[in-house]
Amino acid sequence: MSSPTPTTTCLPASGTNVNKAHLPEGALVLAPTRQLQSLLTIIRDEKTQRGDFVFTSDRIIRLLVEEGLNHLPVVPKNVITPVGKEYEGVSFQGRICGVSIMRAGEAMEAGLRDCCRSVRIGKILIQRDEETFQPKLFYAKLPDDISQRFVLLLDPMLATGGSCLKAIEVLIDHGVQEEKILFLNLIASPEGIKNVCTRFPKLRLITAWVDEGLDSNSYIVPGLGDFGDRYFL
Amino acid sequence: MSESHPDHLHPRPNLQSRISTPGSKNEVMVSHGRAPWYGPDGKNIEAYVVGIAGGSASGKTSVARAILSALNYVPTVLILSQDSFYNAHTDEEIELAFNNDLDLDHPNAIDSALFAKCLMDLKQGKATEIPTYSFVHHQRMPEKKYIYGASVIIVEGIMALQSPELRSLYDLKVFVNCDSDLMLARRIKRDVKERGRDVDGILDQYLRFVKSSYDNFVQPSSRYADIIVPGSSNQLAIELLVDHVKRQLDTRSLRFRKQLAQMGEDETKLRAPNGDEPLDKQVILLEQTNQLLGLMTILRDRTTSRGDFIFYADRLSTIVVEKALTLIPCKPKTIRTPLGLDYQGLGGDDNLVGISILRSGGPFSHGLRRVIRDVPIGGMLIQSDPKTGEPLLLKSDLPHSVKSTETSGDVKVLLLDSQMGTGAAALMAIRVLLDHGVLESNIIFLTYLIAKQALHSVLRAFPTIHIVTAAIDPKLDEMHIPYNRSTLVLGESAGEADFAIRLVDESDRDHGVDKDQEKPDNRDGLKSEKELGAEKFRIPIKKDMETLKFSRSRAGRDERVGEKRAWVISPGMGHIGDRYYM
């Protein structure tokens, strides 16, 4: 058993993304195992029906959440086991909450609750302003004490990163510290990662896969279509 | 042959009965569970096979049944009848059969190659499928019967001693000798009563086939017999026979959980005097991240509430299953994304099954279903025998793909149990899978917690299986827990599969303590004694408990307060099945 570190772990430099895109220090990609690749194959397939799509994305989201939770700090804690022996363990330090960017981000809430029972979940609605074409905050309902919590920000697809940047601004406006934000994401574009991590270098971004890039409509390619539509509608 | 129960060979708890249908000659006797049928090296000990031949209606079946009931302490005894192995017939032959013109009393009427193959499989402890033959249709039926797990096999049939292949498989050859006129008289009575034939037809068949077959083939085969038993008034002969079989069996049965713990301990010291060693490459230990250590701390803490325990056990099993699945190979697969682009991806494997060692593997099957919705999940109920601490196989429900020898070679099995202490239950479960033709390298064992010793025991026997675990604990301690026999039930309160519990009577205990003060038994030298509390003291294992014997039921040992002994992983997580379910 390796000895538990009492302080927050630093995010290891990633280098595991298959497309060899250069990633900034704050970004981490899940290990590209064969299982992960076959899961992504299922959700990318246009023929996949909703039942399989939901089940499979929930599975990937749980992997993301578990990876994200690994970056939370712990403190040493000794317990007595049922056989009467002492065990040198650790206990979780600091409280967490989830914040989903509506509406696709809500699809990740089930996976989050699978790992963190009864975790509080805030919601943010951001849409493109018809006049300025800039992302605009329409709605935000966040836990009152969010400034004292670690925040798991949920959005499955990171394309240009416009709405994500806006959501992070909202969190910081509510007093959340930048280094206490973990952004969980299924598929990211290299551009999106660069935009988010350059603007907020202390934030940690965890994604399951980095795709090739964006097409002329700013869709991720090869991507998987509109995640929210495929999950909900 | 009209056996209708598909799982008839699986031992059931607390059941001592014959499972058969009227008129069926294949019969299985089951009792309290099957003790290990293999050594600590994981290799099978061959089943004991008795061949019984004799003329038609000479009394073979009653001799077989007499042996069966005398062996009622043996978990599984199988009577295999030659009748199942009549050849498949052509249409012409079937027509002859309906006119009583088909000679079924000739050695060639029997598919002795298939007979020998099935018997060989069973003798080696493998699962097999035997044909079914219908005397109504005079034909072999398309369905086969799955048979697994007999420690003693009794083969009976008029030609049982005829073929050299079969003879070479018997440990004991018996011929039942009976007067021809007595056999004919019995045959007429039986065929009129049970098969609705008329006396003319019976006599006609007797004179044309049965008599000449007996004189030419059956009677001469008696020279191969080790013992010739009279077909009537044979009480004494059967007693002698049964005594011999019992003695033979006693030398074959095993007692080895303690041996396992001891061997694992020795090897741990041998390999790593300083207690630190690199992990075998077959063992995948989850990365010991902060989150995982935090989860383990909650699960190990004895003050954790049941609700929390269940939630975190489910969460951890999901993580372990995800890790195990990264070991499963995938095939390339090209798909099209909703944007209309082709994408070169990977596709999964359809031959995956889960098998949980009950009851403590139960929490894992929940985690497995969270990851693969429609995976078949089989179960093996393995519990410790409260008298000996040995693992007992009480029931196995295996997925179809494992039961069929045609497909089992391709199946990949996730074997689920919550902890591995001595490794005894794991060895048993793996042995069952191998007996069904699953490849050793296709087995992945998933668990929360392993004692280092168990790793050695299991990997020494089965070096190519994979083991995925969340933690490896350094020690295996023998705990001594007082119990009241009146509350004891095999299984539930006796211990979970790898939380082996063995009972010691009050009388044995007093005796043992006295002896201990004079002469410590060095075979019991595990390291926990000094840590045990005041009421938990050391008891040497009495030599006669260690001798290699089947557990015969002992009368007059109840109604006393005694002690349970359990091998527990330290620091461990306690009794995971109880914490999850009770």
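Taken in sequence, the protein lines are chains A and B. In terms of UniProt numbering, the first sequence opens at residue 1 and continues consecutively. In terms of UniProt numbering, the second sequence opens at residue 1 and continues consecutively. Note that beta-carbon positions come from the ideal geometry of N, C-alpha and C, so glycine has one too.
Please list, in chain order, the chain A residues whose beta carbon lies closer than 7 Å to that of residue i.
| i | result |
| --- | --- |
| B:Ile319 | Glu66 |
| B:Leu339 | Tyr219, Val221, Pro222, Gly223 and Gly225 |
| B:Leu346 | Arg34, Gln37, Ser38 and Thr41 |
| B:Lys333 | Thr41 |
| B:Met479 | Val83 |
| B:Ser570 | Val83 and Lys85 |
| B:Pro164 | Near B:Pro164 there are no residues of chain A at all, since even the closest Cβ is about 51 Å away, more than 7 Å. |
| B:Thr326 | Thr33, Arg34 and Gln35 |
| B:Arg315 | Cys115 |
Between which two residues does the beta strand (DSSP E) carrying residue i extend?
| i | result |
| --- | --- |
| B:Leu466 | Going by the sequence as given, residue 466 of chain B is His instead of Leu. Here the beta strand (DSSP E) through B:His466 covers His466 to Asp473. |
| A:Met102 | Ile96 to Met102 |
| B:Gln383 | Ile377 to Ser384 |
| B:Ser396 | Pro391 to Asp397 |
| A:Glu109 | Run containing A:Glu109: none in the beta strand (DSSP E); it sits in the alpha helix (DSSP H), Glu109 to Cys115. |
| B:Lys173 | Leu172 to Asn177 |
Note down, in chain order, every chain A residue with its Cβ under 8 Å from the Cβ of residue i.
| i | result |
| --- | --- |
| B:Phe311 | Arg117 |
| B:Gly574 | Thr81, Pro82 and Val83 |
| B:Arg190 | Residues of chain A passing the Cβ test: none, with the nearest at roughly 60 Å. |
Can you tell me whether DSSP reads residue i as helix, strand or coil?
| i | result |
| --- | --- |
| A:Leu233 | coil |
| B:Gly342 | The sequence given here has Asp at residue 342 of chain B, not Gly. Here B:Asp342 sits in strand by DSSP. |
| A:Glu191 | helix |
| A:Phe200 | coil |
| B:Asn351 | coil |
| B:Glu239 | helix |
| B:Tyr146 | strand |
| B:Asn44 | strand |
| A:Val221 | strand |
| A:Asn185 | strand |
| A:Gly213 | strand |
| residue 622 of chain B | In the structure displayed, chain B extends from 1 to 582; residue 622 of chain B sits before or after that span and is not available. |
Just to make sure I have the definition right: I need the residues of chain B whose C-beta is within less than 7 Å of the C-beta of residue i. Which are they?
| i | result |
| --- | --- |
| A:Thr160 | The contacting residues do not exist; A:Thr160 stays about 16 Å from chain B at best. |
| A:Asp155 | Per Cβ cutoff of 7 Å: no residues; A:Asp155 is ~18 Å from chain B at best. |
| A:Leu233 | Within 7 Å Cβ-Cβ: nothing; A:Leu233 doesn't reach chain B, min ~13 Å. |
| A:Leu69 | Gln291 |
| A:Lys166 | Those within 7 Å of A:Lys166 in chain B number zero; the least Cβ separation is about 25 Å. |
| A:Arg44 | Ile335, Thr337, Tyr343 and Gly345 |
In terms of residue numbering, what span does the alpha helix (DSSP H) encompassing residue i cover?
| i | result |
| --- | --- |
| B:Ile298 | Asn290 to Arg300 |
| A:Lys136 | No alpha helix (DSSP H) contains A:Lys136, which is instead part of the beta strand (DSSP E) from Pro135 to Lys141. |
| B:Gly307 | Arg306 to Leu325 |
| B:Ala451 | B:Ala451 -> not in any alpha helix (DSSP H); beta strand (DSSP E) instead, spanning Ile443 to Ala451. |
| B:Pro332 | Not the alpha helix (DSSP H): B:Pro332 falls in the beta strand (DSSP E), residues Lys331 to Arg336. |
| B:Ala185 | Ser180 to Glu194 |
| A:Gln35 | Arg34 to Arg44 |
| B:Tyr580 | Ile576 to Tyr581 |
Using CA coordinates, which residue listed in the options is at the minimum distance from residue i?
| i | options | result |
| --- | --- | --- |
| B:Ser81 | B:Ile154, B:Leu286 and B:Glu194 | B:Ile154 |
| B:Ser222 | B:Asp250, B:Val174, B:Thr326 and B:Ser56 | B:Val174 |
| B:Val458 | B:Val468, B:Asp226 and B:Thr422 | B:Thr422 |
| B:Ser233 | B:His466, B:Ser58, B:Asp204 and B:Asp215 | B:Ser58 |
| A:Ala140 | A:Ala110, A:Ile124, A:Glu130 and A:Val221 | A:Ile124 |
| A:Ser118 | A:Pro135, A:Gly105, A:Ile96 and A:Ser100 | A:Ile96 |
| B:Asp44 | B:Ala127, B:Thr405, B:Lys144 and B:Ala88 | It is worth fixing the name first, because residue 44 of chain B is Asn in this sequence and not Asp. Ranking the options by Cα distance to B:Asn44, first place goes to B:Ala127. |
| B:Leu96 | B:Val176, B:Ile147, B:Arg65 and B:Gln205 | B:Gln205 |
| A:Leu182 | A:Pro135, A:Glu191 and A:Arg149 | A:Arg149 |
| B:Ser112 | B:Thr407, B:Phe98, B:Leu240 and B:Glu165 | B:Glu165 |
| B:Asp473 | B:Pro363, B:Leu339 and B:Leu279 | B:Leu279 |
| B:Leu161 | B:Ser365, B:Pro36, B:Phe115 and B:Thr297 | B:Phe115 |
| A:Phe138 | A:Arg103, A:Gly161 and A:Arg44 | A:Arg103 |
| B:Thr132 | B:Phe85, B:Lys475, B:Pro107 and B:Gly362 | B:Phe85 |
So residue i contacts chain B; which residues on that side make the cut at Cβ distance below 8 Å?
| i | result |
| --- | --- |
| A:Leu72 | Asn290 and Gln291 |
- [ ] Taking only beta carbons into account, state which residues of the region 89-104 of chain A come closer than 8 Å to chain B, listed in chain order.
- [x] Gly89, Val90, Ser91 and Phe92
TODO: Taking a Cβ distance cut-off of 7 Å, strictly less, list which residues of the region 113-142 of chain B are near chain A, in chain order.
DONE: none
Open item on the list: Residues of the region 50-84 of chain B in Cβ contact with chain A at a cutoff of 7 Å, in chain order, please.
Closed with: none
Task: Contact list for the region 176-206 of chain A against chain B, Cβ threshold 9 Å - done: none
Open item on the list: Can you pull out the residues from the region 353-368 of chain B whose beta carbon lies closer than 9 Å to at least one beta carbon of chain A?
Closed with: none
Open item on the list: Tell me which residues of the region 274-302 of chain B have at least one Cβ-Cβ distance to chain A shorter than 7 Å, keeping chain order.
Closed with: Gln288, Thr289, Asn290, Gln291, Leu293, Gly294, Met296, Thr297, Arg300, Asp301 and Arg302
- [ ] Identify each residue in the region 397-423 of chain B for which the Cβ-Cβ distance to at least one residue of chain A is less than 8 Å, and report them in chain order.
- [x] none
Task: Contact residues within the region 52-63 of chain A, judged by C-beta distance below 8 Å to chain B - done: Phe55, Arg59, Arg62 and Leu63
- [ ] Compile a chain-ordered list of the residues in the region 442-453 of chain B whose CB is closer than 8 Å to at least one CB of chain A.
- [x] none
Task: Contact set between the region 368-380 of chain B and chain A, restricted to residues whose Cβ is under 8 Å from the partner - done: Arg370, Val371 and Arg373
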